[in-house]
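Trainee:
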Amino acid sequence: MVQENKTNYSPNGIAIKQESDILTLSGFDVNDLDEASFRDNFNYFKELLKAKKVKNLIIDIKNLGPGLKYNLSFIDACVSFCNAKCVKVQIINSSHDIDLLLKELDFIKTHTEVRVRHKTQKSPSALVSIGEGAIKFFNDIKSFLGFTGEITSAMIYSVLHPRKIQWKETLYYMEKTGADAVPIVFAVCFLTGAIIAYQGVVQMGRFGLSIFTSDLLGLAMTKELGALMTSMVCIGRAGSAFAAEIGTMQVSEEVDAMETMGLTTSRFLVVPKIIGLACVMPLLTIIADIAGILGGSISAVLKGGLSFPEFFSRTISAITFANVMEGVSKSIIFAILIAGIGCLRGYQADRDAKGVGRAATSSVVSGIFMIVVADGLLTLVFN
């Protein structure tokens, strides 16, 4: 018979006790449950929680040890069930060792009302922060150089053995990073060209030189802005996606599984992404050049009083094939950087949801920085 205000159920030493609207679990230090007693205790616990108006659960975990695995699982199941039923949970008689154990097992839920509190550590000094930042910087350089060597080796192997390239995956990434990016690249560069031409017409019109806006826009788009703006779009779309994809594989331990099977992960995960993006970036850059010039022509005609034939004739005479190829060449290098950095950050991701998010963010920030640096160096080389 179940009493109205007090119930005890203690097979294998675990006690389930109810007083009013408070339910108490204790006796976890005596014996470990077996499968049958685990099921019986938990079924009784659920029935009691449903039948009685329980509002609070107290779990006494005195002397709980890591060897009592069924007891730990029982506590975890009870806490999860109470969280689902909006029952407050309180942990009592914990210790530092038990707290570390539960934290390692990651089963004390965020809804638990009471936690064991420890002294908070002081924030590191400025000198310590600088030192940690320097160490992280040099570790990043070390990882980058090692990853660069690994990818170079994988790319050389793929070039020498083209049949072993994952062409299906490569075509997939070409579609996702290329064809799907055409609308946003066209729109961004169209507006960029319109804005630059508008400003050029306003400023040069003061000196009666509005016609030279076409020269400025044509050279700027083909040599610099076409490749640069396309790269910025691809960093946000492709770079972050690559980092999130590999980071998620790290969380699910798929990368570890591939390495255990003796597979070279860079050849299967990185090379298709680099080849795919490097193939579509030149095409996107040419589309960006055309979009920018079209957008600029509208501003020049509406604001500068030029005609479309006059604008396009001047633009075509101002740019050369070498100017176009300069932007296309930059785009290939930018594509390798974007894909490589995105994959590197994915490999470096912590194995949790936050780690994947940080990896995606880091890939965008690192990619933008590297693209700007590379663009500056390539501009010096081409000129």
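Position in the sequence shown (from 1) plus 902 gives the number in my numbering.
Heads up, the beta-carbon is just placed ideally off N, CA and C, and yes, glycines get one too.
1) So for Gln-1068, helix, strand or coil by DSSP?
2) Under the three-state reduction of DSSP, which class applies to Lys-919: helix, strand or coil?
3) Let's test the definition: count the other Cβ atoms within 10 Å of the Cβ of Val-1030 and tell me whether it reaches 16, buried, or not, exposed.
4) Mapping the DSSP letters down to three states, classify Leu-1165 as helix, strand or coil.
5) Once DSSP output is grouped into helix, strand and coil, what is the label at Leu-1111?
6) Helix, strand or coil for Asn-1285? Go by DSSP, reduced to three states.
7) If you draw a straight line from the C-alpha of Gly-1138 to the C-alpha of Met-1076, how long is it?
8) Taking DSSP as the reference, what is the three-state secondary structure of Thr-1222?
9) Quick one: Cα of His-1013 to Cα of Cys-984, how far?
10) I'd like the span of the beta strand (DSSP E) that includes Leu-959, first residue to last.
11) Among Ile-1273, Met-1131, Ile-916 and Val-991, which has the Cα closest to the Cα of Phe-1088?
12) Could you tell me which residues DSSP pairs with Thr-926 in its beta bridges?
13) So, under 8 Å CB-CB, Met-1123 and Gly-1194 are touching, yes? Tell me the CB distance rounded to an integer number of Å.
14) Would you check whether the ligand ZN has a heavy atom nearer than 7 Å to the C-beta of Gly-1048?
15) Among Gly-1259, Arg-1216, Phe-1236 and Ile-1176, which has the Cα closest to the Cα of Lys-1078?
16) Measure from the alpha carbon of Arg-1169 to the alpha carbon of each residue in Ala-1276, Gly-1242, Leu-1196 and Phe-1109, then state which is nearest.
17) Could you tell me whether the segment 1195-1202 touches the segment 1155-1171, using the rule of 3 or more Cβ pairs below 8 Å?
18) Inspect the beta-carbon positions of Gly-1120 and Thr-1217 and report whether they are closer than 8 Å.
19) Within a Cβ cutoff of 8 Å, which residues of the same chain sit near Ile-1221, ignoring the five residues on either side of it in sequence?
20) Check whether the segment 1250-1268 touches the segment 1055-1075, counting contact only when three or more Cβ pairs, one atom from each stretch, lie closer than 8 Å.
21) Using CA coordinates, which residue listed in Asp-1082, Asp-1191 and Ala-1056 is at the minimum distance from Cys-1091?
22) Between Leu-951, Gly-1033 and Gly-1102, which has its C-alpha nearest Glu-921's C-alpha?
23) From what residue to what residue does the alpha helix (DSSP H) around Gln-1152 run?
Mentor: With the given structure in hand:
1) By one-based count along the sequence shown, residue 1068 stands at place 166. Residue state, collapsed to three classes: coil.
2) Against the sequence shown, residue 919 aligns to sequence position 17. Strand at Lys-919.
3) Counting from 1 along the sequence shown, the entry for residue 1030 is found at position 128. Flag for Val-1030 reads exposed.
4) Locating residue 1165 in the sequence shown gives position 263, counting from the first residue. The answer is coil: DSSP assigns Leu-1165 none of H, G, I, E or B.
5) Counted from its first residue, the sequence shown places residue 1111 at position 209. In this structure, Leu-1111 counts as coil in the three-state DSSP scheme.
6) As a working note, residue 1285 is residue 383 in the sequence shown. Coil, per DSSP.
7) Locating residue 1138 in the sequence shown gives position 236, where the first residue counts as 1. Locating residue 1076 in the sequence shown gives position 174, where the first residue counts as 1. Cα-Cα distance, rounded: 16 Å.
8) Position 320 of the sequence shown, counting from 1, holds the residue named residue 1222. Three-state result, Thr-1222: coil.
9) Counting from one through the sequence shown, the residue named residue 1013 turns up at place 111. Counting from one through the sequence shown, the residue named residue 984 turns up at place 82. Caution applies to His-1013, whose pLDDT of 39 falls short of 50 and renders its modelled position unreliable; the value that the coordinates give is listed next. Whole-angstrom Cα-Cα distance: 9 Å.
10) The count along the sequence shown starts at 1 and reaches residue 959 at position 57. Looking at the DSSP string, the run of the beta strand (DSSP E) that includes Leu-959 is 958-962.
11) Mapped onto the sequence shown, residue 1088 falls at position 186. Phe-1088 has its Cα closest to that of Met-1131, out of Ile-1273, Met-1131, Ile-916 and Val-991.
12) Along the sequence shown, one-based indexing puts residue 926 at 24. Looking at the DSSP assignment, Thr-926 forms a beta bridge with Lys-919 and Ile-960.
13) For the purposes of this step, residue 1123 is identified with residue 221 of the sequence shown, where counting begins at 1. For the purposes of this step, residue 1194 is identified with residue 292 of the sequence shown, where counting begins at 1. Correct: roughly 4 Å between the Cβ atoms.
14) With respect to small molecules bound, the structure shown includes none, and the ligand ZN cannot be examined in it.
15) What you label residue 1078 is simply residue 176 of the sequence shown in a count that begins at 1. Nearest of Gly-1259, Arg-1216, Phe-1236 and Ile-1176 to Lys-1078, Cα basis: Ile-1176.
16) In the sequence shown, residue 1169 corresponds to position 267, counting from 1. Out of Ala-1276, Gly-1242, Leu-1196 and Phe-1109, Gly-1242 has the C-alpha closest to the C-alpha of Arg-1169.
17) no
18) Stepping through the sequence shown from its first residue, residue 1120 is reached at position 218. Stepping through the sequence shown from its first residue, residue 1217 is reached at position 315. Yes, the Cβ-Cβ distance between Gly-1120 and Thr-1217 is below 8 Å.
19) As a first step, residue 1221 is located in the sequence shown; it is residue number 319 there, counting from the start. The answer, listed in chain order, is Gly-1120, Leu-1121 and Thr-1124.
20) no
21) Position 189 of the sequence shown, counting from 1, holds the residue named residue 1091. Among Asp-1082, Asp-1191 and Ala-1056, the Cα nearest to that of Cys-1091 belongs to Asp-1191.
22) Reading the sequence shown from its first residue, position 19 is the one you call residue 921. Of the listed residues, the one whose Cα sits closest to Glu-921 is Leu-951.
23) Reading the sequence shown from its first residue, position 250 is the one you call residue 1152. First-last of the alpha helix (DSSP H) with Gln-1152: 1142-1153.
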